[in-house]
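Number of protein chains: 6
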Amino acid sequence: MTKIRVTKFYDFEMAHALWNYDGLCKNIHGHSYKLYVTVIGEPIDDENNLKNGMVIDFSDLKSIVKDQIVDKFDHSFVVYKNAPHKKLLELNEMYARHHVVDFQPTCENLVVHFVNIIRSLLPEGVKLKNVKLYETASSSAEWDADDN
Amino acid sequence: MTKIRVTKFYDFEMAHALWNYDGLCKNIHGHSYKLYVTVIGEPIDDENNLKNGMVIDFSDLKSIVKDQIVDKFDHSFVVYKNAPHKKLLELNEMYARHHVVDFQPTCENLVVHFVNIIRSLLPEGVKLKNVKLYETASSSAEWDADDN
Amino acid sequence: MTKIRVTKFYDFEMAHALWNYDGLCKNIHGHSYKLYVTVIGEPIDDENNLKNGMVIDFSDLKSIVKDQIVDKFDHSFVVYKNAPHKKLLELNEMYARHHVVDFQPTCENLVVHFVNIIRSLLPEGVKLKNVKLYETASSSAEWDADDN
Amino acid sequence: MTKIRVTKFYDFEMAHALWNYDGLCKNIHGHSYKLYVTVIGEPIDDENNLKNGMVIDFSDLKSIVKDQIVDKFDHSFVVYKNAPHKKLLELNEMYARHHVVDFQPTCENLVVHFVNIIRSLLPEGVKLKNVKLYETASSSAEWDADDN
Amino acid sequence: MTKIRVTKFYDFEMAHALWNYDGLCKNIHGHSYKLYVTVIGEPIDDENNLKNGMVIDFSDLKSIVKDQIVDKFDHSFVVYKNAPHKKLLELNEMYARHHVVDFQPTCENLVVHFVNIIRSLLPEGVKLKNVKLYETASSSAEWDADDN
Amino acid sequence: MTKIRVTKFYDFEMAHALWNYDGLCKNIHGHSYKLYVTVIGEPIDDENNLKNGMVIDFSDLKSIVKDQIVDKFDHSFVVYKNAPHKKLLELNEMYARHHVVDFQPTCENLVVHFVNIIRSLLPEGVKLKNVKLYETASSSAEWDADDN
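Listed in order, the protein sequences are those of chains A, B, C, D, E and F.
Those letters in the first sequence? Residues 230 to 377, per the numbering used here, in order.
Those letters in the second sequence? Residues 230 to 377, per the numbering used here, in order.
Those letters in the third sequence? Residues 230 to 377, per the numbering used here, in order.
Those letters in the fourth sequence? Residues 230 to 377, per the numbering used here, in order.
Those letters in the fifth sequence? Residues 230 to 377, per the numbering used here, in order.
Those letters in the sixth sequence? Residues 230 to 377, per the numbering used here, in order.
Here it is in structure tokens:
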């Protein structure tokens, strides 16, 4: 059988800051993140299966990532646990959606975090192949199964 | 010598329907399909060759795929042989350009179909590396030589 | 006060056919339609208003057009009433989502149709300024309030 | 003489929060803002002028907006003066680049703010025609000279 | 009747140089020019007309501009008559496609040149509304009927 | 540790001509080249390192390629040493920025040239993975470490 990769695109609007960094990104700022998730598998070859001809239904792949990543990180602020994040709690409603994470929230580390989330959610027979995250229109980080 | 990948982009406007499917795609609807075809080879290193420095002339790769895929599937309707396609014949001129195919016309299966067409048309020394088909701006399927 | 235009983008996947036409579009085919809706008004200047600083909440403009246009025309087939559309009824489930319209479904006429739908749905103080519909990446039709 | 519009594109990465708002945007979050600035004038028709054939040198229009808007708002956090912004001061280095503004930082109000900045900086004979700001890929606000 | 704008997109690959200019553009260099041509008119409302529902057939608008502009300027070099262009003649086959024009080939002047060409070619009832030319992804010049 | 790919995007405006070629590209013409450079490595996992969480600082990758490729090839003319390039010298200021290269300047050969430049400039622990160059919006050439 033929192996085929299937990719879905997502975006979300998030703020972050890099703690103890020496560039502009040390300040609270934000991005329109663009996320591409690619899985690989064999298209179902069974004309009685409602998903005949699909590796995974695009709408299933859409909801897995939407529920566990996009809806959680969209319109939120992500900050490293080592940063003075407790002071942020006083901001009340401006700080209602935030993530204190145990890694510096660079584009690279966010990709690894997303890979770990997605991998546990895929149905049998479908493997994660690639996750690519654009922080800006010209900068991206990417995890690929063949590298790891 | 160095191996280089060469990619051309194509698009075409096509309708389809997924027979015996449980989502919106069971209805006749359409997409502006985007197709990327990537081949791999060594650039010609011969200054007397008119194609010096090329793996394949972009315009040759363009016409191979345009003649055999784009010009045939553009402005057409693709339907699975198991669907009630004979009733469509009564639509006369609205059904002048159609393809009854022996596979469910998902994005995945269309990619495999295109791979088989293109592979037989490439000149010696040029190998098919990747075919990627976007059904919508956020959904794509992709065949890669390294997976198969 | 300053007048500001606010634009939202939508897309939907639709098939159509142009009846009694002399080009490729006479066949059933489809497009990934891209729709831009622009309204104009004065941003609310009242710090007690939850919508302070907005002409219209982006999410309100999003749902008006999503409910009345995108969700209805997405994954559907649009056909002119003068075409032999009754024969399509025999396609059963492939024809579950369709629109028999009293106009040739060109990009121009679809725009006019959408303008009439949207205009009746806008809240007071917000006027429709522009509706632009892309049939393909290189072809669009556009209604503008200043032309009419 | 012919009047011609000249447009430059800019982008910047900014966080904001909408104070006293009832949607997701009340939280600190961010966007990759895309900004289009359009000016209008007559191209210089003087072959001894180094800027012959230009309304304004693209690189001059680029630096005016880069210096006064992009370089200031990029990698910063913008917040309304009525929000509890003083508590943010304790964030120290994460809060080194911020703007406390006297308006709710909606896309609409940011456009008006940018219009006021740019208008004062244009050389004689060149008028501001349009400023369009994308907050996300699908949402934008726009000021146009003909509306005001 | 309703007035509708219809836009087609074109691109072409051209080199130019700005004579007697004080920036980088004085050197021979090139761009992937993107051209948008917008016309305005009333869609034909006559069900016996093959072009029913159209302001102008997209494919007619495509060929007018393709024949008279794209096919002539694509893969060519444009230079001002006051530049030392006669020395270029010695380049023989590298200089087979060139245009010596009586204006500095800035983006603004090219737009005016294209406006004059297109205006004379439109069928009755169809008026030129807007011509926009991108020299780079971030720089464009635009002629609009309402400004002139 | 996890290997992550990091990609930066660049563009530049360049003219070229293919000597002794049988297509349109034999003429002096130009393109808005788009360049994607991808490196691979392990994100630094050391909270005392200012670059914690990064494979390479995006701004470092940006400046390496900008200094050695973009700033040199932007607004220049590239020509094969076998072409009659000496005649070009008489063009004086129009020929101030040019590159006489010892290869036919096809998209494929330019990619190989850029690969050789970039490889020597990367810091330890960071390897070049992929270089992709778009000559036009629909044509690209690409070097990948896994192919060579």
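Here a beta-carbon is modelled for each residue, glycine too, at the ideal position from N, C-alpha and C.
These figures come from a predicted structure and were not determined experimentally.
Around L290/E, the same chain offers K237 as residues with beta carbons nearer than 6 angstroms, after the five sequence neighbours per side are excluded.
Comparing C-alpha distances from V268/E to each of I257/E, H245/E, D275/E, D286/E shows the shortest one belongs to D286/E. Within chain D, not a single residue places a beta-carbon under 7 angstroms from that of K263/C; the smallest gap is close to 10 angstroms.
Judged by their CB atoms, H245/D and P334/D are nearer to each other than the 8 angstroms cut-off. Beta-bridge partners assigned by DSSP to N377/D: none are found. Contact of G282/D with chain E by beta-carbon distance below 8 angstroms involves L247, F332, Q333, P334, T335, E337, N338. If you look at D289/F, you'll find it in the alpha helix (DSSP H) that goes 287-294.
Taking the Cβ atoms as the reference, W372/F lies roughly 20 angstroms from Y309/F, outside the contact range of under 8 angstroms. The Cβ neighbour count for P313/B, taken over all protein chains shown within 10 Å, is under 16; the residue is labelled exposed. A direct Cα-to-Cα measurement between L362/F and F241/D gives close to 25 angstroms. In this structure E271/B is exposed. Its beta-carbon is surrounded by fewer than 16 other beta-carbon atoms within 10 angstroms. Put simply, of K232/E, D375/E, A366/E, F332/E the residue whose alpha carbon is nearest the alpha carbon of K263/D is A366/E.
When C-beta distances to chain A are compared with 9 angstroms, the residues of the stretch 281-308 of chain D below that value are D303, H304, S305, F306, V308, in chain order.
Beta-carbon to beta-carbon, E319/F and A370/F are separated by about 32 angstroms, too far to satisfy the 8 angstroms threshold. Here S349/F is exposed: its Cβ has fewer than 16 other Cβ atoms, across all protein chains shown, within 10 Å. Interface residue (Cβ-Cβ distance to chain D less than 8 angstroms): L317/C is not classified as such.
Here F306/E really is in contact with H327/E; their C-beta atoms are around 5 angstroms apart, less than 8 angstroms.
The DSSP assignment places no complete alpha helix (DSSP H) segment of no fewer than 4 residues inside the stretch 254-278 of chain E. Secondary structure of M230/A (DSSP, three-state): coil. Per the DSSP secondary-structure output, A244/B pairs in a beta bridge with G259/B, F306/B. For E337/F, there is no enclosing beta strand (DSSP E); the residue is part of the alpha helix (DSSP H) that begins and ends at 336-348.
Counted as a single uninterrupted DSSP element, the stretch harbouring H314/E is not any beta strand (DSSP E), since DSSP gives it neither H nor E. K316/C sits away from N377/D, with the two beta carbons spaced by 8 angstroms or more.
For H260/B, the chain C residues whose Cβ falls inside 8 angstroms of its Cβ are E242, G259, H260, S261, in order along the chain.
Beta-bridge annotation (DSSP): Y250/B is not paired with any residue. Contacts with chain F at 8 angstroms (Cβ-Cβ) include D251/A.
Excluding the 5 residues flanking it on each side, I347/F has same chain C-beta neighbours closer than 8 angstroms at V266, I293, V294, Q297, I298, L357, V360, in chain order.
With a threshold of 8 angstroms between beta carbons, S369/C makes contact with chain E. Interface annotation, N311/F: in contact with chain B, CB-CB separation under 8 angstroms.
Interface criterion not met: the Cβ of D275/A is under 8 angstroms from no Cβ in chain F. Residues K280, N281, G282, M283 of the same chain have their beta carbon placed closer than 7 angstroms to that of I273/B, with the five preceding and five following residues left out of the count. Residues of chain A whose Cβ lies closer than 8 angstroms to the Cβ of T365/D are, in chain order, D240, E242, S261.
In the three-state reduction of the DSSP assignment, V284/F falls in the coil class, being assigned neither a helical nor a strand state. In the same chain as D303/F, and ignoring 5 residues on each side of it, the C-beta atoms closer than 8 angstroms to its own belong to F241, E242, M243, in chain order. Closest in C-alpha terms to L253/D, from the list V330/A, M323/A, L351/A, N345/A, comes M323/A.
Counting along the chain, no beta strand (DSSP E) covers E319/A, and no H or E run does either.
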